[in-house]
Amino acid sequence: MDTATEFGRLLGPLRRAVLRTRRAEGLPDLPEAQIELLRALAETGTATPRQVAARLRVAPSTVSNLVRTMTAAGLVERTPSAADLRTVHLAASPRALDMLDRYDRTSTAALRRALDGLAPAKREALERALPVLAELLTTLEAQTPEG
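Positions in the sequence shown are counted from 1; adding 9 to them yields our numbering.
Printed below as a string of structure tokens:
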């Protein structure tokens, strides 16, 4: 068994299984890129498009396109900078923050039910793997050039 191949094959189906729990609860089906942008704004409170692009490791044009769509949908609020009128600050709208909270609660409940169905030893093995998965993410991020 090749760990990298098997792990890679599991990532997509695991992500889709979690996404299905959101749909089952009637939550809006936002693209993952929009959810990542909202999470970044929820964590920082406010940020410029360039700061968001750097944080998400994507091109500024990608953030501009996402912000245009998400502003129209009422998910992102744009505020001109008081210091420099060419700069805007982005923030997740209250509606978006509520939606993120509902996504997280729904996903967490589904994952908790699935974890509870595992044998205790398997659940413990997964718990021990969490720091390794976090380190794997950090390593992958360091290897991947910014978009």
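Every residue gets a Cβ at the ideal spot worked out from N, C-alpha and C, and that includes glycine.
Cβ-Cβ distance between residue i and residue j below 8 Å
i	j	result
ALA92	LEU50	no
PRO89	VAL97	yes
LEU36	ARG111	yes
GLU45	LEU65	yes
SER102	THR30	no
VAL27	ALA119	yes
LEU157	ARG132	Past the edges of the chain, shown from 10 to 156, lies residue 157, and the structure says nothing about it.
Simplified DSSP state of residue i, which is helix, strand or coil
i	result
SER86	Note that residue 86 is Glu in the sequence shown, not Ser. Correct three-state label for GLU86: strand.
ALA100	strand
ALA92	coil
ALA68	coil
Integer-rounded CB distance, given that residue j should sit under 8 Å from residue i
i	j	result
MET79	VAL72	At roughly 10 Å, the Cβ-Cβ gap does not stay under 8 Å, so MET79 and VAL72 are not in contact.
ALA105	LEU47	5 Å
Span separating the alpha-carbon of residue i from that of residue j
i	j	result
ARG95	LEU109	29 Å
LEU39	ALA81	14 Å
LEU6	THR14	This structure cannot settle anything about residue 6, because the visible part of the chain is limited to 10 through 156.
GLY126	ARG87	44 Å
ARG25	LEU135	19 Å
ARG59	ASP11	39 Å
Closer than 8 Å to chain C by CB, residue i
i	result
ARG95	Absent here is chain C; the protein component of the structure consists of one chain.
Quiz item: What are the start and end residues of each continuous alpha helix (DSSP H) run of 4 or more residues lying completely inside the region 99-154, in chain order?
Solution: 103-125, 129-152
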